[in-house]
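A.B. asks: Okay, here's the structure, questions in a sec.
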Amino acid sequence: MLTRRIIPCLDVLAGRVVKGIHFKDLTDAGDPAALAMEYMNEGADELVFLDISASSDKRETMTEWVSSVADRLFIPFTVGGGISGPDQARNLIALGADKISLNTSAVIEPDLIFRCASLLGSQAVVLAVDVKRSEDGRWEVFIRGGTTPTGVDLISWVKRGQSLGCGEILLTSMDSDGTRDGYDTSCIEAVCGSVSVPVIASGGAGNTRHFIDAFNSGADAALAASVFHFGSIRIPDLKKDLASAGIPVRIEEVFS
10 MLTRRIIPCL
20 DVLAGRVVKG
30 IHFKDLTDAG
40 DPAALAMEYM
50 NEGADELVFL
60 DISASSDKRE
70 TMTEWVSSVA
80 DRLFIPFTVG
90 GGISGPDQAR
100 NLIALGADKI
110 SLNTSAVIEP
120 DLIFRCASLL
130 GSQAVVLAVD
140 VKRSEDGRWE
150 VFIRGGTTPT
160 GVDLISWVKR
170 GQSLGCGEIL
180 LTSMDSDGTR
190 DGYDTSCIEA
200 VCGSVSVPVI
210 ASGGAGNTRH
220 FIDAFNSGAD
230 AALAASVFHF
240 GSIRIPDLKK
250 DLASAGIPVR
260 IEEVFS
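So the sequence shown is numbered by this note's numbering: it starts at 10 and just counts up by one.
This is how it looks when you write it as structure tokens:
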């Protein structure tokens with residue numbers, strides 16, 4: 010049985026990891042490579058880095074820290090944020106990233122998924138999707154950091170993303186994000202029932218039960234940020250609890 014993955018998410022601004030709540034009151038949390046090693050040693054299965062810098066030197070700063078992370082990390086990591094072309098994606102992979110994440114740019118130009126997958130392979134392309142439940146009970150895709158509604162239906166979009174070549178879907182429920190009240194399990198179930206590629210659940214983790222619920226809803230991986238960054242959940246403890254609940258996780262390297 011495939012093990013389920015635990016994935017911390019780190020926001021990077023101008024080459025430094027920052028911590029905050031909903032992108033407010035951001036504080037410097039340190040060097041991306043150093044923090045990546047800490048999470049790796051804690052037992053994280055993968056990492057996701059989101060570059061939230063909007064400065065003109067964004068590509069240069071990404072080049073510096075991505076290369077540094079790759080030199081020190083022995084688990085897969087994904088880089089997202091501002092990738093608008095296959096060449097940018099290829100450069101990040103060349104620097105050592107295992108996967109790239111597409112979000113807003115893919116909705117605006119869906120063919121970008123196909124072009125990146127053709128260049129890098131589907132396994133290296135993650136389609137990140139931010140969604141909010143609409144009044145009719147469906148989920149609508151949002152872009153630009155969750156600020157802009159698109160009118161695009163979630164299920165139609167993830168199916169199209171898979172057909173265009175994405176190898177994984179990072180699903181973030183905006184309704185649950187930051188609440189620590191649990192992942193949106195109905196949303197996870199709907200997506201997992203519609204695609205055959207792995208699904209990473211994101212948004213709402215607050216305790217171990219929430220991770221169990223996400224995995225029981227079909228998620229292949231669970232991503233979280235604040236509960237890890239602020240120490241309310243430690244990955245070794247989480248994995249012990251998941252294993253006790255019958256969720257297959259990688260624990261040998263953590264507790265040996």
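Heads up, the beta-carbon is just placed ideally off N, CA and C, and yes, glycines get one too.
#1: In terms of DSSP beta bridges, what is D37 paired with?
#2: Would you say S62 and G39 are within 9 angstroms of each other, going by their C-beta atoms?
#3: Given a cut-off of 9 angstroms on the beta-carbon distance, is the pair I244 and E118 in contact?
#4: Could you pull the DSSP bridge partners for S182 from this structure?
#5: Residues in the same chain with beta-carbon distance under 6 angstroms from A42, minus the five sequence neighbours each way, listed in chain order, please.
#6: Could you tell me the distance, in whole angstroms, from the CA atom of T8 to the CA atom of G146?
#7: To the nearest angstrom, how far is it from the Cα of L247 to the Cα of K141?
#8: Tell me whether C201 sits in a helix, a strand or coil according to DSSP, three-state version.
#9: For A137 versus I164, is the C-beta distance shorter than 9 angstroms?
#10: Is it buried or exposed, A199, if we count other Cβ atoms within 10 angstroms and call 16 or more buried?
#11: Are R218 and T12 closer than 9 angstroms when you measure CB to CB?
C.D. replies: According to the structure shown:
#1: V27
#2: no
#3: no
#4: V140
#5: S77, V78, R81
#6: The structure shown does not extend to residue 8, since the chain is modelled only from 10 to 265, so the question has no answer here.
#7: 28 angstroms
#8: helix
#9: no
#10: buried
#11: no
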